[in-house]
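These notes concern the structure reproduced below.
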Amino acid sequence: MKILFVVSEVEDLAKTGGLADVAKSLPIALRSLGHDVRIVKPYYKQLADKFKLENVSDEQQVHAGDKEYRFNIKRLELESVPVYCVDYPDYFHRAGLYSDGYQPFGDNAERFAFFSLAALQTARAVDFQPDIIHCNDWHTSLCSYFIKRDQSGFFARTKSLLTIHNGAYQGSYRFADIPFLRPHSELAAQIDSHGNLNFLKMGIVYADKINAVSPNYARELLTPLGSHNLYHELQSRANDVTGILNGCDYQQWDPASDTWLPANYNSESLKGKKVCKKALQEEVGLPVKDGVPLIGMLCRLTEQKGFGYLLPILGQLLQHNVQVLVIGTGDPVISDVLQFNAAQHPDKLVFRDDFSTRIAHMLEAGCDFFLMPSLFEPCGLNQMYSLAFGTIPIVRAVGGLRDTVLDLQMLPEQATGFMFEAPDSSALLNCVRRALLFYHEYPDEFVQMQKRAMRHRFTWYDAALNYQALYQNCLPMDN
């Protein structure tokens with residue numbers, strides 16, 4: 007198949023989150039299956055400054071009413087996958103991808119409406135006639151609308167798939183503030199009572215198929231509580247909604263070969279993990295104690311990540327014989343509470359308001375447990391990294407966390423972690439206490455759980471096979 011993967015960010019080129027990981031790994035895995043996969047993304051300033059790519063076609067143009075947008079196309083390769091970059095400096099030559107720090111750009115709707123149409127023009131310009139256009143999140147949702155309204159015939163046999171990586175981010179903007187879309191009266195008819203157009207909703211309406219990044223998240227999206235207020239739209243497309251679990255890049259996340267670690271280890275011998283724990287404790291300023299369980303948490307400081315459950319019981323948790331390390335940036339209110347508690351319990355809690363790749367790998371290797379008490383979690387990657395590193399996940403049973411972690415009470419012989427269900431602080435505290443009790447009272451069984459966790463694999467090859475089947479399901483029988 008010919009697959010055009012349209013996305014706003016790609017790992018190694020421009021990244022803010024897990025979307026970029028998928029946008030790199032999935033196309034590479036699909037190409038290994040023999041498909042002709044091309045990526046289209048914006049030519050951001052950080053990409054332009056690093057690569058200084060040449061144009062691969064004549065200057066291109068798209069029209070919105072009486073306005074003409076002229077742009078260029080750059081090209082590079084990412085592990086043999088061609089990546090075409092839409093070069094429109096007014097929109098993409100900025101310091102950030104979506105914001106200037108904490109404040110989103112005011113013209114994001116205009117930027118990504120333009121990019122969605124420019125991505126289709128890019129396919130025409132390089133004469134790549136796709137069987138499938140794979141759209142990702144709200145930023146590229148409008149591609150599915152534009153191909154259905156294409157008058158050229160170039161996309162007459164093309165089908166579209168929309169992947170929802172995080173349904174909480176929908177791209178809802180005042181239609182009157184999006185000049186690029188004003189000529190599209192069909193979209194104007196979709197604005198809500200506040201005058202807003204919801205980009206993700208349009209993708210759900212116009213895409214041929216819709217999928218989420220884990221089977222359980224797909225099920226949650228079809229419920230009133232888990233649909234992020236898009237219940238009616240998703241329910242109307244319920245037969246077209248499925249879930250495919252993301253994979254994990256085990257080349258980057260392998261404790262046996264990870265160059266960020268002071269010592270390597272594998273599921274046959276965990277000696278190196280003790281070295282990593284000692285080095286991590288020394289680096290962050292925690293007392294070096296091997297017999298004290300170290301719980302790590304590495305994430306954005308947002309309500310989604312479960313701080314509403316964690317912060318109220320943090321004091322009670324720290325009464326136990328335990329150490330806690332939290333690393334992340336984001337909401338200053340959450341940061342302030344963590345800073346205050348760290349000052350009150352310097353030998354038990356450390357909070358770092360920063361992030362680096364090295365410290366992320368150190369935390370995954372050096373901790374005994376990894377905490378993810380998420381309000382919702384479409385797929386999650388850190389629990390996969392934790393399993394690979396023998397760091398036992400403590401998670402809430404939502405989204406992809408439920409699909410990847412096996413709880414001790416439910417499956418004692420196969421268990422790889424600990425889960426709780428109720429969305430409240432007491433359930434979280436009880437779950438952590440279960441984990442601590444297991445660590446202290448059953449040390450041999452805890453080591454066996456670590457080794458079992460390290461042998462679990464969630465590969466991009468398996469994910470690519472599932473996407474291949476989904477693409478084929480989109481296409482006419484004679485394709």
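Residue numbers (my numbering): 7 to 485.
Note that CB positions come from ideal geometry on N, CA and C, so glycine has one too.
Three-state class that DSSP yields for residue i in the structure shown
i      : result
Ser199 : coil
Asp93  : strand
Glu274 : coil
Tyr473 : helix
His41  : coil
Phe205 : helix
Val16  : strand
Gly24  : helix
Gly405 : helix
Asp450 : helix
Asp430 : coil
Asp143 : coil
Pro88  : strand
Leu227 : helix
Phe98  : helix
Asp113 : coil
Asp413 : strand
Asn479 : helix
Gly423 : strand
Asn217 : strand
Phe464 : coil
Asn10  : First, the amino acid is wrong: residue 10 is Leu here, not Asn. Strand, per DSSP.
From the options, residue whose alpha carbon lies closest to that of residue i
i      : options                        : result
Asn217 : Ser263, Asp255, Gln258, Asp143 : Asp143
Leu267 : Thr363, Phe313, Gln325, Gln350 : Thr363
Gln135 : Thr164, Cys480, Val401, Leu82  : Thr164
Gln329 : Leu292, Arg100, Leu414         : Leu292
Gly302 : Phe161, Phe424, Leu369         : Leu369
Pro33  : Lys51, Val13, Pro48            : Val13
Pro48  : Met7, Tyr97, Gln67             : Tyr97
Gly336 : Leu19, Leu414, Phe357          : Phe357
His41  : Phe11, Lys58, Asp133           : Phe11
Ala428 : Leu393, Lys58, Phe382, Ser199  : Phe382
Phe118 : Ile138, Val92, Asp137          : Val92
Asn61  : Phe77, Gln52, Asp55            : Phe77
Pro299 : Ala29, Pro318, Cys305, Asn327  : Asn327
Glu419 : Tyr391, Gln454, Ala441, Ser431 : Gln454
Lys58  : Lys73, Ala441, Ile45, Arg81    : Arg81
Val247 : Gly177, Arg306, Arg225         : Arg225
Val294 : Lys56, Val281, Arg463, Leu304  : Val281
Ala441 : Arg463, Asp156, Gln415, Lys457 : Gln415
Rounded straight-line distance, which links the Cα of residue j to that of residue i
i      : j      : result
Thr146 : Ala124 : 11 Å
Thr22  : Gly107 : 11 Å
Glu17  : Tyr75  : 28 Å
Gly312 : Lys284 : 28 Å
Val43  : His367 : 30 Å
Asn272 : Ser263 : 9 Å
Ser31  : Leu387 : 13 Å
Ala6   : Pro88  : The structure shown does not extend to residue 6, since the chain spans only 7 to 485, so no value can be given for it.
Thr397 : Phe205 : 38 Å
Tyr315 : Phe376 : 15 Å
Cys149 : Trp466 : 25 Å
Leu324 : Glu309 : 21 Å
Ser220 : Ile340 : 28 Å
Val68  : Gln127 : 7 Å
Met7   : Ala129 : 15 Å
Met378 : Leu331 : 13 Å
Leu352 : Arg37  : Rather than Leu, the amino acid found at residue 352 in this sequence is Pro. Going from the Cα of Pro352 to the Cα of Arg37 covers about 50 Å.
Ile365 : Tyr90  : 32 Å
Pro261 : Ala394 : 7 Å
Ile79  : Gln66  : 8 Å
Arg100 : Pro384 : 29 Å
Arg461 : Asn270 : 16 Å
Asn172 : Asp198 : 21 Å
Phe426 : Ser63  : 54 Å
Asp133 : Tyr151 : 21 Å
Lys277 : Asp468 : 31 Å
Secondary structure, beta strand (DSSP E): runs of 3+ residues fully inside the region 169-193: 178-180
Unbroken stretches of the alpha helix (DSSP H), 4 residues or longer, contained in the region 242-316: As far as the region 242-316 is concerned, its whole alpha helix (DSSP H) runs of at least 4 residues are 277-290, 313-316.
Secondary structure, alpha helix (DSSP H): runs of 4+ residues fully inside the region 327-401: 338-350, 363-372, 388-394
Three-pair Cβ contact test at 8 Å for the region 433-443 versus the region 399-419: Yes: the two stretches touch, three or more of their Cβ pairs being nearer than 8 Å.
Minimum length 4: unbroken alpha helix (DSSP H) runs contained in the region 28-86: 51-57
contact_flag[the region 402-421, the region 241-256] where n(CB pairs < 8 Å) is 3 or more: yes
Touch test, the region 207-215 against the region 181-189, Cβ-Cβ under 8 Å, three pairs minimum: no
The region 231-238 / the region 442-452 touching (three or more Cβ pairs under 8 Å): no
Minimum length 4: unbroken alpha helix (DSSP H) runs contained in the region 119-167: 148-154
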